[in-house]
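Below, the structure is given as structure tokens:
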């Protein structure tokens, strides 16, 4: 029966495809933008099917961040979609084509959902068509990284459709609903609310009483959603190390209440009147004016009145549409402190747009029935105007998403206080060789002091200053980056490179060690470390390094009880070997290539092929026999910029 329904409406689905092609076809020539670079171009885990297990055991930001513990995104379906798309083509057009295909599928599903709810072909068509042409959806369709919005909404609507078909006895297996739920939450977290939507349908649309819903069969049906959720949460905990990240912002209870209603009002307003569209909105306590608050609360009141009236008058479809809007806006309202710097975003209203489109379609159908004499003329003109206006906004907006430069310029014109975008724009300018302008923007972002991750700006500014030869200021900015974020591997590596530039590889080592301790796979630090070692190994005399390390305090001497003890010495005709026992309470990384000794005559020698035996906690150092002139002082440099000074004991 479902197949017959789909086949009988093939022309409508074809019209949806044509409409989407006209509105969004231009994005096929667009570049990767914003998060696409880290999630696709720099993500080796989606570039080969051999990484298929990483879909479950990894996260979309793992390659860019070096670990999933720094991410709050565990969305396997996004990784799977990218993986299969990349296997077809690594060019942007392939990923944009997938977005268009997903959007078309969703448009068809919205038509089917509205038809099942209303049993009215006109309302179903208008709902899907209004959803497709709504300008607020541009961000999701024209941005590859927003694919989780598309996929989770597809599975959300699919699960709802399957539930309705089950209640209408058109399918006999409920397992398909569970499958849609699992795929939905694996796409994006808000799909977790699907059971609430189904419960609302059962109570208000299918008129099931509380008594019917608390039968053993129905309770089990709903409880079976829980293991699926727990399975997802377990996988998320395993991969990310936690259920979520720390909040980006701290809000008082009063601020949370104000933000909840002001954001809800803004989203409702944006659904009704989306112009102008922007990638990064300014939102916060300081940006809320009495006028904006008044409008937000007004929209909230009107929306609440609509839902209440629908409830009182038993208008189940209208109430369902209102609750759909609210439920899928609620994650952006409740978890406001975890949304990042862009608190208010158009993509967060994407799924709610289905409920809004259903309300608009119901209103249009009501007007056509209530005023049949004017519907043939006025309503058609209004409908045509809505199509023309919405389409023109969408088509114009898609060009703003062509590349990073165009998108960032447009965003900064509309919101000069978008510091994250200003920072990203500076990075683009730097990559394009416009260093002077990039330097000015980095300085501006730092001076404003509002950037969530200011260490990145300090690090990038330091790199430009290093290129200009201003090593003193470059060092200051690198150090500032480390002071703000002690795990900023790039800043440590850049300080190491700065010392190498100044022909001081010894001073570079502790910083490069720290970078590699933070991320052992960090190639930039690996290369700088190898450069420093090569420089040290080819230079003589060792005395210079000894003086730098000990007297100039490039390394700091450890005091107190030392974890290295001299044990014995054995000599042959060519060399002497010195044996030490170790008793470290914590793991310690030595720098064997600059372990040195100094005899009573001031002769400094580097150890020849030091041996570290972790099983017996023994260190063996060998030196040429000529070094053995009196008792020796041994220097054991460590990776953290300290050294142990051990004197040979008399035997």
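Numbering (UniProt numbering), first residue to last: 1 to 651.
We treat Cβ as the ideally placed atom computed from N, Cα and C, and that holds for glycine.
- At the C-beta level, residue 474 and residue 463 come within 9 Å of one another.
- A Cβ-Cβ separation of about 15 Å leaves residue 512 out of contact with residue 481 under the 8 Å criterion.
- Spatial neighbours of residue 300 in its own chain (CB-CB distance under 8 Å, excluding positions within 5 residues in sequence) are listed in chain order as 261, 264, 265, 268.
- A straight line joining the alpha-carbon of residue 411 with that of residue 33 spans about 13 Å.
- Between residue 67 and residue 50, the alpha-carbon positions lie close to 19 Å from each other.
- Membership of residue 78 in the alpha helix (DSSP H) is indicated by the continuous run 76-88.
- Residue 514 sits away from residue 471, with the two beta carbons spaced by 9 Å or more.
- In this structure, residue 28 and residue 93 form a Cβ contact; the two beta carbons are roughly 5 Å apart against a cut-off of 8 Å.
- If you draw a 10 Å sphere on the C-beta of residue 430, you find 16 or more other C-beta atoms in it, and that means buried.
- Remark: C-beta atoms of residue 459 and residue 490 approach each other more closely than 9 Å.
- Annotation for residue 616: no beta strand (DSSP E) segment contains it, and DSSP assigns it neither H nor E.
- According to DSSP, residue 566 shares a beta bridge with 580.
- For residue 419, the enclosing alpha helix (DSSP H) stretches over residues 419-431.
- Residue environment: residue 115 is assigned as buried (16 or more neighbouring CB atoms within 10 Å of its CB, all protein chains considered).
- Per DSSP, reduced to three states, the secondary structure at residue 597 is strand.
- Ranking 69, 74, 43 by CA distance to the CA of residue 63 puts 43 first.
- Residue 117 is a Cβ neighbour of residue 205, given a cutoff of 9 Å.
- The C-beta of residue 432 has fewer than 16 other C-beta atoms within 10 Å across all chains shown, which makes the residue exposed.
- The C-beta of residue 159 has 16 or more other C-beta atoms within 10 Å across all chains shown, which makes the residue buried.
- Per the C-alpha coordinates, the member of 546, 417, 646 positioned closest to residue 619 is 646.
- Residue 644 sits in a strand when the DSSP states are folded into three classes.
- Residue 571 is classed as exposed because its beta carbon has fewer than 16 other beta carbons within 10 Å across all chains shown.
- According to the DSSP assignment, residue 258 belongs to no beta strand (DSSP E) but to the alpha helix (DSSP H) extending over 253-272.
- The Cβ atoms of residue 415 and residue 122 lie no closer than 9 Å to each other.
- Judged by pairs of C-beta atoms under 8 Å, the stretch 170-177 does not touch the stretch 296-314, as fewer than three such pairs exist.
- In the displayed model, residue 19 falls within a helix according to three-state DSSP.
- Around the Cβ of residue 353, a 10 Å sphere holds 16 or more other Cβ atoms; the residue is buried.
- Annotation for residue 409: 425 place their beta carbon closer than 8 Å to its own, counting only its chain and skipping 5 residues before and after.
- Across the set 456, 516, 218, 477, the C-alpha of 477 shows the shortest separation from the C-alpha of residue 465.
- Minimum Cα-Cα distance from residue 38 among the listed residues 59, 589, 614, 417 corresponds to 59.
- The three-state secondary structure of residue 71, taken from DSSP, is coil.
- Beta-carbon to beta-carbon, residue 321 and residue 358 are separated by about 4 Å, close enough to satisfy the 8 Å threshold.
- Taking the Cα positions, residue 520 is about 56 Å away from residue 170.
- Rounded to whole angstroms, the separation of the alpha carbons of residue 314 and residue 217 is 27 Å.
- In this structure, the CA atom of residue 324 is about 19 Å from the CA atom of residue 297.
- Under the three-state reduction of DSSP output, residue 622 falls in the strand class.
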